[in-house]
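Under our numbering, think of the first position of the sequence shown as 234, with each following residue one higher. The beta-carbon is built from N, C-alpha and C at its ideal position, and this holds for glycine as well.
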Amino acid sequence: MEKINNVTEFIFWGLSQSPEIEKVCFVVFSFFYIIILLGNLLIMLTVCLSNLFKSPMYFFLSFLSFVDICYSSVTAPKMIVDLLAKDKTISYVGCMLQLFGVHFFGCTEIFILTVMAYDRYVAICKPLHYMTIMNRETCNKMLLGTWVGGFLHSIIQVALAVQLPFCGPNEIDHYFCDVHPVLKLACTETYIVGVVVTANSGTIALGSFVILLISYSIILVSLRKQSAEGRRKALSTCGSHIAVVVIFFGPCTFMYMRPDTTFSEDKMVAVFYTIITPMLNPLIYTLRNAEVKNAMKKLWGRHVFLEAKGK
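Listed below in structure tokens is the structure:
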């Protein structure tokens with residue numbers, strides 16, 4: 234059957250149909266997005282301009298912050314502008330690009346969090362071999378693997394959506410283009426595509442979540458052999474990771490580990506992994522991590538001192 238595509242643009246329903254609520258959301262999410270940009274940039278600069286970049290854990294943390302900025306930037310600016318716009322439209326091509334970006338950076342973040350869990354496993358369970366196992370070449374290969382994995386996942390999602398015919402309606406009950414809302418608008422049976430989409434996204438989300446749970450369970454068991462100081466330091470670091478994993482994977486699992494259906498709660502759930510998690514990551518990793526806080530104090534304190542001295 235020849236593909237029919239009469240749709241050149243899609244219309245978002247947005248977060249709310251109330252202008253008053255949208256104005257409040259505009260202020261709130263603009264503030265959140267500024268925190269995302271400033272917080273993650275601060276972590277990236279602190280890690281890259283200090284000795285922390287030599288540590289595998291902070292090497293991955295800096296790239297996690299970069300991915301967080303990219304991930305939220307795929308949806309947040311458009312959503313914020315639409316909150317004050319009368320017509321919330323996006324072109325067909327723009328919709329497919331947004332779908333690609335959401336899944337590319339989202340999947341890359343999942344893989345980076347998994348790699349960071351493996352890094353903590355090696356550091357705590359095999360401390361004598363840590364620098365040998367997690368050398369810079371290995372870290373670079375792992376990082377490349379996260380980007381390649383994210384790219385392959387998102388290409389599959391977009392390829393499934395692009396080959397579908399769209400002949401109307403073109404209204405999406407969401408604030409960005411995601412695969413399930415888009416599939417609902419297709420002018421053909423999408424059961425098989427929906428199963429493939431769920432298998433693709435669900436396997437990655439659930440599989441990575443299970444791997445993370447196993448890794449941290451092994452880490453927590455092995456901590457019984459550590460000294461009190463060693464346990465305290467390890468729990469502080471792992472606690473940050475576990476908090477991020479729960480906040481990120483909970484909503485993701487709800488969204489993608491189910492059949493091709495949509496719920497009215499999907500928009501609010503999506504806010505958690507597209508905006509809330511990227512905003513909380515810098516706070517969680519700095520407030521619970523003494524090394525990052527000390528590096529920030531030394532680095533930025535030195536810059537302030539040099540600027541004052543120059544004046």
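Asked, Found
"Cβ neighbours of SER263 in the same chain (closer than 6 Å, five flanking residues each side left out)", "ILE313"
"Identified DSSP bridge partners for SER324", "GLU242"
"Proximity of ASP418 and PRO402 at Cβ, strictly below 8 Å", "Rather than Asp, the amino acid found at residue 418 in this sequence is Leu. Taking 8 Å as the Cβ cut-off, LEU418 and PRO402 qualify as a contacting pair."
"Selected residue, minimal CA-CA separation from PHE245, among ASP320, VAL477, VAL307", "ASP320"
"MET344 and SER387 closer than 8 Å at C-beta", "Sequence inspection shows Phe at residue 344; the Met mentioned does not correspond to that position. Cβ atoms of PHE344 and SER387: not closer than 8 Å."
"Cα-Cα separation, VAL428 to SER434", "10 Å"
"Alpha helix (DSSP H) segment containing GLY202, residue limits", "Nothing about residue 202 can be read from this structure; the chain reaches only from 234 to 544."
"Opening and closing residue of the alpha helix (DSSP H) in which GLU194 lies", "The displayed coordinates of the chain run from 234 to 544. Any statement about residue 194 would go beyond what the structure contains."
"Buried or exposed by the 16-neighbour rule on C-beta atoms within 10 Å, applied to VAL479", "exposed"
"Beta-carbon proximity of MET349 to MET290, cut-off 8 Å", "yes"
"Buried or exposed (CB count within 10 angstroms, at least 16 for buried), GLY339", "buried"
"Reference PHE487; option with closest CA among ASN284, VAL504, TYR351", "VAL504"
"Residue range of the unbroken alpha helix (DSSP H) whose run includes GLY383", "369-395"
"Residue nearest to GLY327 in terms of C-alpha spacing, selected from MET364, ASP411, THR519", "ASP411"
"Close-in-space but distant-in-sequence residues of the same chain around MET529 (CB under 8 Å, 5 per side omitted)", "LEU275, THR279, THR519"
"Residues near PHE409 in its chain [Cβ-Cβ closer than 8 Å; skip 5 each side]", "PHE245, VAL307, THR308, LYS311, MET312, GLN331, VAL335, ALA503, THR507"
"CB contact flag (ILE452, ARG369, <8 Å)", "no"
"Pick from GLY272, VAL261, THR431, GLN459 that is closest to PRO515, judged by C-alpha positions", "GLY272"
"Three-state secondary structure (DSSP) of GLU404", "strand"
"MET512 versus LYS531, VAL477, GLU498, residue with shortest Cα-Cα distance", "VAL477"
"Three-state class that DSSP yields for PHE296 in the structure shown", "helix"
"Nearest neighbour of LEU269, chosen from ASN527, SER324, THR510, ASN373 [CA to CA]", "Residue identity differs from the one stated: residue 269 is Ile in this sequence, not Leu. Taking only the C-alpha atoms, the option nearest ILE269 is THR510."
"Sub-8 Å separation of GLU255 and THR322 beta-carbons", "no"
"Span of the alpha helix (DSSP H), counted from its first residue to its last, around PRO360", "Element bounds for PRO360: n/a, residue is neither H nor E."
"Beta-carbon separation (whole angstroms), LEU393 vs VAL443, contact threshold 8 Å", "Between VAL443 and LEU393 the Cβ distance is about 25 Å, and since that is not below 8 Å, they are no contact."
"Simplified DSSP state of PHE333, which is helix, strand or coil", "helix"
"Cβ separation of LEU532 and LEU282, assumed to be a contact under 8 Å, to the nearest whole Å", "6 Å"
"Rounded Cβ spacing between LYS500 and HIS407 (contact assumed at less than 8 Å)", "6 Å"
"Length of the line joining the Cα atoms of LEU285 and VAL395", "43 Å"
"LEU361 versus LYS458: straight-line alpha-carbon distance, rounded", "15 Å"
"LEU377 classed as buried or exposed, judged by whether at least 16 other C-beta atoms fall within 10 angstroms", "exposed"
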